[in-house]
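If you read the sequences in order, they're chains A and B.
All residue numbers for the first sequence refer to my numbering, where the first residue is 1 and numbers rise by one.
All residue numbers for the second sequence refer to my numbering, where the first residue is 1001 and numbers rise by one.
Beta carbons: idealized from backbone N, C-alpha and C, even for Gly.
In this text the structure is predicted, and so the values were computed from the model without any measurement.
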Amino acid sequence: MAVELLRTRDCIEYAGSEPRIPALNVTVHDPVTKEKSRLLAAIDTGFAGYLLMRKELYERFATAELPAESFMVYSTMAGPVVLRKARATIEIGKLTVQAYIETPQHGPGRDLIGRRLLHGINIALLGETQNCCLLEKA
Amino acid sequence: MDVLLRGIAKQTYGRLKAEAAARGKRISEALQEAIEVWLYTREKQILSEWEANNRAYLQAKRRLFSEHRGRYAAFGCGRLLGVADNFDEACNIVRSAKIHRSIITKVGEEENTTGGEWLWSSLELATA
Chain A
1 MAVELLRTRD CIEYAGSEPR IPALNVTVHD PVTKEKSRLL AAIDTGFAGY
51 LLMRKELYER FATAELPAES FMVYSTMAGP VVLRKARATI EIGKLTVQAY
101 IETPQHGPGR DLIGRRLLHG INIALLGETQ NCCLLEKA
Chain B
1001 MDVLLRGIAK QTYGRLKAEA AARGKRISEA LQEAIEVWLY TREKQILSEW
1051 EANNRAYLQA KRRLFSEHRG RYAAFGCGRL LGVADNFDEA CNIVRSAKIH
1101 RSIITKVGEE ENTTGGEWLW SSLELATA
């Protein structure tokens, strides 16, 4: 079995109240206004989407929104949830991707990194030290 | 919570105080109401623009599909702003229109709107 050595970088302390949540710094760029903002987004392996944002923050960066008929519908145990969706450039560590930001069509939303973004990065959750780190080849 | 406000125009504050007194309300209650109305109005404004852009998209959709498939259409202020060959050009169209609410879509791109599973992981403990 091949062994690969990875080095941790850009470690961020878990956020919020106990039990604290692993989170990463994410920078969002609006493709039209070129405005950018850095936010701390919780890692949510249960969320299938891209980057969920609080509604007020989403409104600032959703200049290039998709038509409502292209919004994604997520199935939750409480029923389907529709998320608004806009194109944005998202930076996590050294990774820069053209992806999407999302927010609930109804309700306030939260800052969460979903699986569609998590699949593009290597991270380590260091539970004992309560740190979430990006990984790169050593 | 307590908030200290500086720089409020004397005349505006005087009118607020008089209106609050006439309605038998405290200044804090009147301010709270004013803030809520302001936020509601702002949300309504954003929503109506959003609705207008989506309506314009649906009206133009058939024509766009037959004439501009594969190109990028930009909508704003409730109308089609223009059609571009790529996403960056579409962004330029919106930028030069100096608007902050728009729809940019690739014409004819079949989007799968099935987001997938959203499990229980976003739930947190809350006091009842």
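Amino acids of chain A, ordered along the chain, whose beta-carbon sits closer than 8 angstroms to that of residue i
| i | result |
| --- | --- |
| residue 1038 (chain B) | Under the 8 angstroms cutoff, chain A gives no residues; its nearest Cβ is about 14 angstroms from residue 1038 (chain B). |
| residue 1096 (chain B) | Under the 8 angstroms cutoff, chain A gives no residues; its nearest Cβ is about 10 angstroms from residue 1096 (chain B). |
| residue 1086 (chain B) | Near residue 1086 (chain B) there are no residues of chain A at all, since even the closest Cβ is about 12 angstroms away, more than 8 angstroms. |
| residue 1114 (chain B) | 72, 73 |
| residue 1068 (chain B) | Neighbours of residue 1068 (chain B) on chain A: none; closest Cβ ~14 angstroms, over 8 angstroms. |
Range covered by the alpha helix (DSSP H) that runs through residue i
| i | result |
| --- | --- |
| residue 59 (chain A) | 55-61 |
| residue 1096 (chain B) | 1087-1096 |
| residue 1021 (chain B) | 1010-1022 |
| residue 116 (chain A) | 115-118 |
Beta bridge counterpart(s) of residue i as assigned by DSSP
| i | result |
| --- | --- |
| residue 80 (chain A) | A:75 |
| residue 25 (chain A) | A:40 |
| residue 1034 (chain B) | Bridge partners of residue 1034 (chain B): none, in fact. |
| residue 64 (chain A) | B:1102 |
| residue 125 (chain A) | A:132 |
| residue 86 (chain A) | A:65, A:101 |
| residue 92 (chain A) | A:95 |
Partners in chain B for residue i, counting only beta-carbon separations shorter than 8 angstroms
| i | result |
| --- | --- |
| residue 59 (chain A) | 1046 |
| residue 66 (chain A) | 1103, 1104, 1105, 1111 |
| residue 83 (chain A) | 1115 |
| residue 87 (chain A) | 1087, 1104 |
Bounding residues of the beta strand (DSSP E) (the contiguous stretch that carries residue i)
| i | result |
| --- | --- |
| residue 1075 (chain B) | 1072-1076 |
| residue 100 (chain A) | 95-104 |
| residue 9 (chain A) | 6-13 |
| residue 1104 (chain B) | 1102-1106 |
| residue 131 (chain A) | 131-137 |
| residue 1084 (chain B) | 1079-1084 |
| residue 1116 (chain B) | 1114-1118 |
Of the residues the options, the one placed nearest residue i, counting alpha carbons only
| i | options | result |
| --- | --- | --- |
| residue 1112 (chain B) | A:42, A:68, A:51 | A:68 |
| residue 136 (chain A) | A:9, A:25, A:37 | A:9 |
| residue 30 (chain A) | A:107, A:48, A:57 | A:57 |
| residue 1095 (chain B) | B:1046, B:1119, B:1075 | B:1075 |
| residue 1079 (chain B) | B:1097, B:1085, B:1089, B:1087 | B:1097 |
| residue 28 (chain A) | A:108, A:20, A:41 | A:41 |
| residue 130 (chain A) | A:19, A:4, A:7 | A:19 |
| residue 107 (chain A) | A:82, A:2, A:91 | A:82 |
| residue 14 (chain A) | A:138, A:134, A:127 | A:127 |
| residue 133 (chain A) | A:3, A:1, A:24, A:2 | A:24 |
Inter-residue CB distance, residue i and residue j (contact presumed, cutoff 8 angstroms)
| i | j | result |
| --- | --- | --- |
| residue 113 (chain A) | residue 43 (chain A) | 5 angstroms |
| residue 95 (chain A) | residue 123 (chain A) | Going by Cβ atoms, the distance from residue 95 (chain A) to residue 123 (chain A) rounds to 11 angstroms, so no, they are not a contact pair. |
| residue 1102 (chain B) | residue 64 (chain A) | 7 angstroms |
| residue 102 (chain A) | residue 61 (chain A) | Actually they are not in contact, since the Cβ atoms of residue 102 (chain A) and residue 61 (chain A) sit about 11 angstroms apart, beyond 8 angstroms. |
| residue 1071 (chain B) | residue 1107 (chain B) | 6 angstroms |
| residue 1024 (chain B) | residue 48 (chain A) | Rounded, the Cβ-Cβ distance is 52 angstroms, inconsistent with contact. |
| residue 111 (chain A) | residue 39 (chain A) | 5 angstroms |
Proximal chain A residues relative to residue i, where beta-carbon distance stays under 7 angstroms
| i | result |
| --- | --- |
| residue 1091 (chain B) | 31, 32, 64 |
| residue 1117 (chain B) | 48, 75 |
| residue 1013 (chain B) | Neighbours of residue 1013 (chain B) on chain A: none; closest Cβ ~27 angstroms, over 7 angstroms. |
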